[in-house]
Amino acid sequence: DEISMVMKDEILTLDEMMLLLEEGLSDVNYSMIPPSLDHVVITTIERGYSQWWPKVFVMGLNQGVFPQSMGDEGLIKDKERQELADAGITLAEGALPKAFNENFLLYLAMTRASDSLTLSYASSGEDRSEER
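Residues 19 to 150 in our numbering are what the sequence shown lists, from first letter to last.
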């Protein structure tokens, strides 16, 4: 439907249509039925949160990376956002809701394992400095 709305009266050859579909589907993420009982599923927390897994590996648990640190940056601070919201002016969410979401994702990641949970972090950064 979207293709026909954008392309309007333009007629595509079969090759052009195939190329368009390949490009459009190349960035699509999808889940599939597990091919066997002993398999590995690599997923994001958002996609895997509704299932329980026997073993879960959570990677990237470095300070400021995951959960990602959210500073009170920008032109409008969270306190000012709240004052505007109280006055009936709605803005995009600030740092506080994003920080809550990051902590919730960490909670989800750490509570999906039924048998074992392995936490991983980088011991040094790209510049070989010690990570926290």
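Think of the CB as a built atom: it goes at the ideal place given N, C-alpha and C, for glycine as much as any other residue.
DSSP, read as helix, strand or coil, puts PRO85 in coil. Following the DSSP letters along the chain, one finds ALA131 in no alpha helix (DSSP H) but inside the beta strand (DSSP E) bounded by residues 131 to 137. Shown here for VAL74: same chain residues with a beta carbon closer than 6 Å to its own, the five before and five after excluded, namely ARG130, ALA131, LEU135 in chain order. In the three-state reduction of the DSSP assignment, PRO72 falls in the strand class, which pools E and B. Put simply, the backbone Cα of GLU98 is about 49 Å away from that of HIS57. Distances from the CA of ALA110 to each of ASP96, PHE118, ASN121 were compared; the closest alpha carbon is that of ASP96. Non-local beta-carbon contacts of PRO85 in its own chain, meaning distances under 6 Å to residues more than five positions away in sequence, involve GLU120, ASN121, LEU124 in chain order.
When DSSP states are grouped into helix, strand and coil, ILE94 belongs to the coil group. Cβ neighbours of MET128 within its own chain (closer than 7 Å, five residues either side excluded): VAL76, LEU135. Distance from the CA atom of TRP71 to the CA atom of ASP133, rounded to whole angstroms, is 8 Å. In this chain, ILE29 is not harboured by any alpha helix (DSSP H), its DSSP state being neither H nor E. A straight-line Cα-Cα distance of about 23 Å links ASN80 and GLY112. A Cβ-Cβ separation of about 7 Å places LEU38 in contact with LEU30 under the 8 Å criterion.
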